[in-house]
Amino acid sequence: MEKFGDLARRLRVRMTRSTNRENSLDCRAADAINQLQANNEALEAENRRLEAENRTLREGKLVPAAEAEQQVEAQDALLALAPALGLRKVAELLGVSYTTVYVHKEKLGFFQVGNQWRVWPEKLKEMTSGSPPQPAGLR
Numbered sequence: 002m003e004k005f006g007d008l009a010r011r012l013r014v015r016m017t018r019s020t021n022r023e024n025s026l027d028c029r030a031a032d033a034i035n036q037l038q039a040n041n042e043a044l045e046a047e048n049r050r051l052e053a054e055n056r057t058l059r060e061g062k063l064v065p066a067a068e069a070e071q072q073v074e075a076q077d078a079l080l081a082l083a084p085a086l087g088l089r090k091v092a093e094l095l096g097v098s099y100t101t102v103y104v105h106k107e108k109l110g111f112f113q114v115g116n117q118w119r120v121w122p123e124k125l126k127e128m129t130s131g132s133p134p135q136p137a138g139l140r
């Protein structure tokens, strides 16, 4: 997996030299590599969880509620590792134009990194759900 991390870093360095970073194929490739790495980590964690669950079922043991809660928290932590989305990806996901997303970027919860606008997938889901945000304890 380390060789993919090196490849993503080299692509990002090449991307900084590009005149149009948002459209850069290097940027898209690096984002795709990062997304695949995050997906791979999530799948490995899910595989470990399922192996533990199968082992527990074979042994006929009941899992304590505290342990089950820890597994749920671990899955939530993996979701937090998902990379932030760019304007074009959000436009594609929402089925609207890039300009529409750019105009409403603050309403959608975007933040700026350098000269790029990004949004966390969880924040985008919250902002586009149509319901008012809830305190963290009520979710």
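Under the numbering used here, read the sequence shown as residues 2 to 140, first letter to last. Glycine residues also receive a C-beta, built at the ideal position from the N, C-alpha and C atoms. Since the model is a prediction, treat every value here as computed from it, not as a measurement.
query	result
DSSP on Leu86, reduced to helix/strand/coil?	strand
Am I right that Gly110 and Lys124 are in contact with their C-beta atoms under 8 Å? What's the rounded C-beta distance?	4 Å
By a C-beta neighbour count over all protein chains shown, 10 Å radius and 16 as the cutoff for buried, is Val14 buried or exposed?	exposed
Let me know if Ala31 comes out buried or exposed under the rule of 16 or more other beta-carbons within 10 Å of its beta-carbon.	buried
DSSP on Val120, reduced to helix/strand/coil?	strand
Who pairs with Gln113 in a beta bridge, going by DSSP?	Trp118
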